[in-house]
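Enquirer: Let me give you the structure first, and then I'll get to my questions.
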Amino acid sequence: MMKLKFKIGLVLILIGSGFSASAQSVLSGKVIDKVRAQVLENILVTNASQNSQSTTDKAGMYKIWVMPGDTILFSGLGFQSQKIIIEQTLSFLTKNIYMIPRDYFLPEVIVSTRKTWKQDSLQQRQDYARVYNYKDPSVGNLAGMAVFHPLSFIEYLYSGKKRKNTRSFQKNLINYEHEKYIDNYYNAELVSKIAKISDEQELNDFMKFSRPQYLFLKSSTQYDLYAYVSSSYKRFKAQKITADTTQKMNN
């Protein structure tokens, strides 16, 4: 009996694997700012049906594996999310996506970056709610599933790769959200005012040197942030002086 179950399970796995391999194709294209007609880098491209993702490169290009019926989402800070559904016939495998800036329809309204980030974060949470809310079942739940829902338990046993992909995708989504939070709040305008930096190259170097952690930025007050930038800039200048002195001595 056990051998029969094993053979049936093996056949089902092989059939499923063969179907997946034969039906999958690569969807590719460019992501473009519809208003400014510029290619967009670092746009998050997600196959919500398979819990896989990629990002656009400097040329705005993306590639992602798809199957018929998959839902593909395109999202980025400051842009309305776009969604496409892969046709059953896979009639297109190259598709350019045109993203619309969130403030395009509000020309007379000043939308702060803080508000824009919250809108984008909320939209992302809605788009990927199933991934954000995913939790592995506990040991107790697994025992109950094995007894009362044996088919679901068998499906769980054979879905290890999918669960791993979901956990990885969930982690990447949260990291992406945190990095965008830092980009939004720790911006060049704020830092240049506090540190009184007018040179663009120096500002860029200092912002890389002093980029704060998400948890600190999330919990800091205006005073904390002011003190952090000021003390970091002193360390940055001291380090630069030391490096310049060492270079002169070596020359």
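The sequence shown lines up with residues -23 to -1, 1 to 228 when you count with mature numbering (1 follows the signal peptide of the UniProt record, and there is no 0).
Glycine included, C-beta positions come from ideal geometry on N, C-alpha and C.
#1: Check the C-beta distance from Pro189 over to Ile151 and give it rounded, since I have them as a contact under 8 Å.
#2: How would you write the range of the alpha helix (DSSP H) that Gln190 sits in, first residue to last?
#3: Compare the C-alpha of Tyr39 against each of Lys157, Asn161, Ile74 and Thr198 and name the closest.
#4: Following the continuous beta strand (DSSP E) through Ile74, name the residue where it begins and the one where it ends.
#5: Once DSSP output is grouped into helix, strand and coil, what is the label at Gln30?
#6: Going by Cα to Cα distance, which pick from Ile171, Asn181, Glu154 and Leu192 is closest to Ala204?
#7: Give every residue of the same chain whose Cβ lies closer than 6 Å to the Cβ of Thr23, excluding the five residues on either side of it in the sequence, and list them in chain order.
#8: What are the start and end residues of the beta strand (DSSP E) that includes Lys7?
#9: Cα separation between Glu18 and Gly55?
#10: In this structure, does DSSP put Arg107 in helix, strand or coil?
#11: Put Phe183 into one of helix, strand or coil per three-state DSSP.
#12: Are the Cβ atoms of Phe186 and Phe213 separated by less than 8 Å?
#13: From the DSSP output, read off the bridge partner residues of Thr71.
#14: Starting from the Cα of Lys60, find the closest Cα among Thr66, Met76 and Val12 and give me that residue.
#15: With Lys60 as the anchor, note down where its beta strand (DSSP E) starts and where it stops.
#16: So if DSSP puts Val40 in a beta bridge, which residue, or which two residues, is it bridged to?
Expert: Taking the definition as stated:
#1: Numbered from 1 along the sequence shown, position 212 holds the residue referred to as residue 189. Numbered from 1 along the sequence shown, position 174 holds the residue referred to as residue 151. Rounded, the Cβ-Cβ distance is 17 Å, inconsistent with contact.
#2: As a working note, residue 190 is residue 213 in the sequence shown. Segment: none, Gln190 is in no alpha helix (DSSP H) and carries neither H nor E.
#3: Mapped onto the sequence shown, residue 39 falls at position 62. Checked all of Lys157, Asn161, Ile74 and Thr198; the closest Cα to Tyr39 is Ile74.
#4: Stepping through the sequence shown from its first residue, residue 74 is reached at position 97. First-last of the beta strand (DSSP E) with Ile74: Ile74 to Met76.
#5: Counting from one through the sequence shown, the residue named residue 30 turns up at place 53. Residue state, collapsed to three classes: strand.
#6: Start at 1 with the first residue of the sequence shown, and residue 204 comes out as number 227. It is Ile171 whose Cα lies nearest to the Cα of Ala204.
#7: By 1-based counting over the sequence shown, the position of residue 23 is 46. If we look at Thr23 and ignore the five residues flanking it on each side, its Cβ neighbours are Gln30 and Leu50.
#8: On the sequence shown, residue 7 is found 30 positions in, with the first residue counted as 1. Where Lys7 is concerned, the enclosing beta strand (DSSP E) stretches over Ser2 to Asp10.
#9: Residue 18 sits at position 41 when you count from the first residue of the sequence shown. Residue 55 sits at position 78 when you count from the first residue of the sequence shown. Whole-angstrom Cα-Cα distance: 13 Å.
#10: Against the sequence shown, residue 107 aligns to sequence position 130. Three-state DSSP puts Arg107 in a helix.
#11: Numbered from its first residue, the sequence shown carries residue 183 at position 206. It is helical.
#12: Along the sequence shown, read from residue 1 onward, the residue named residue 186 stands at position 209. Along the sequence shown, read from residue 1 onward, the residue named residue 213 stands at position 236. A contact, by the Cβ cut-off of 8 Å.
#13: For this step, residue 71 is matched to residue 94 along the sequence shown. The partner list for Thr71 (beta bridge, DSSP) reads Ser5.
#14: Taking the sequence shown and counting its residues from 1, the one referred to as residue 60 is at position 83. Answer by Cα proximity: Met76.
#15: As a first step, residue 60 must be located in the sequence shown, where it is residue number 83. First-last of the beta strand (DSSP E) with Lys60: Gln59 to Ile62.
#16: Here residue 40 corresponds to residue number 63 of the sequence shown, with the count starting at 1. Rather than Val, the amino acid found at residue 40 in this sequence is Lys. According to DSSP, which records beta bridges pairwise, Lys40 is partnered with Ser5.
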